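Q: In the working numbering, the protein residues as written are 282 to 354.
1. When we look at the beta-carbon of residue 306 and count the other beta-carbons within 10 Å, is it buried (16 or more) or exposed?
2. Given residue 336, which residues of its chain have a CB within under 6 Å of its CB, disregarding the five upstream and five downstream residues?
3. At what residues does the alpha helix (DSSP H) containing residue 307 begin and finish?
4. Mapping the DSSP letters down to three states, classify residue 352 as helix, strand or coil.
5. What does the alpha-carbon distance come out to for the pair residue 347 and residue 321?
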């Protein structure tokens with residue numbers, strides 16, 4: 282995982298940020314310059330400009346979602 286990704290999209294442990302809906306989490310990733318390819322209650326798959334793909338694992342509940350971890354796809 283690139284250092285740039287670590288600086289732009291942060292896990293809950295790093296930011297303390299949670300989201301009320303999956304759409305808010307997707308919007309956060311897109312606002313950081315990534316294209317979201319797929320999103321559901323368990324994970325969000327996205328890619329950067331170089332077509333490197335990443336998976337953000339979603340934790341929490343239906344109304345308090347957060348990024349638990351991020352890994353390369």
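We treat Cβ as the ideally placed atom computed from N, Cα and C, and that holds for glycine. All values derive from a computational prediction rather than experimental measurement.
A: Quick answer:
1. buried
2. 324, 326, 352 and 354
3. 303–312
4. strand
5. 12 Å
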